[in-house]
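With the UniProt record's numbering applied, the sequence shown covers 1 to 76.
Glycine included, every Cβ here is placed at the ideal spot set by N, Cα and C.
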Amino acid sequence: MSCDQTPDDGKREKLLFVIRDRLERRERPVLWPSEAAELLEWAILCDDREKQAELLSLFRRLGGIEIVRAALSDFD
1 MSCDQTPDDG KREKLLFVIR DRLERRERPV LWPSEAAELL EWAILCDDRE
51 KQAELLSLFR RLGGIEIVRA ALSDFD
């Protein structure tokens with residue numbers, strides 16, 4: 001699946017827009033757990049290496065790894 005193909009027409013692009021908007025306005029939190037999971041899934045499914053790198057970089061920079069870990073620890 002290409003990283004630009006989405007099951008519901010633009011949901012991921014909208015997510016990216018919202019995240020970037022929060023970054024510009026310095027809103028907290030920039031990334032919610034469900035958004036972190038979606039961003040990671042999008043990156044994993046992306047065939048375009050450049051776009052994949054951009055998405056993973058954004059995921060890491062916004063603390064996506066810690067967000068997902070914290071969410072998963074709630075199930076321990």
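Can you tell me whether residue i is buried or exposed, with buried defined as 16 or more other CB within 10 angstroms of its CB?
i	result
L62	buried
I44	exposed
residue 89	The shown model of the chain, from 1 to 76, leaves out residue 89, and the question about it has no answer.
F17	exposed
F75	exposed
S73	exposed
For residue i, which residues from the same chain have a beta carbon less than 7 Å from its beta carbon, with the 5 sequence-adjacent residues on both sides left out?
i	result
G64	L31, A36, L39, L40
E66	none
For residue i, I'd like the list of residues in its chain whose CB is within less than 8 Å of its CB, leaving aside the five on either flank, ordered along the chain.
i	result
A70	P33
V68	P33, A36, A37, L40
I believe residue i touches residue j by the beta-carbon criterion, under 8 Å. Please report the beta-carbon distance rounded to the nearest angstrom.
i	j	result
residue 80	C46	The chain is shown only over 1 to 76; residue 80 falls outside these bounds and no answer can be derived.
Practice task
Run through the region 18-47 for me and flag every whole alpha helix (DSSP H) of 4 or more residues, listed as ranges in chain order.
Solution key: Listed in chain order, the complete alpha helix (DSSP H) runs (minimum 4 residues) inside the region 18-47 are 33-45.
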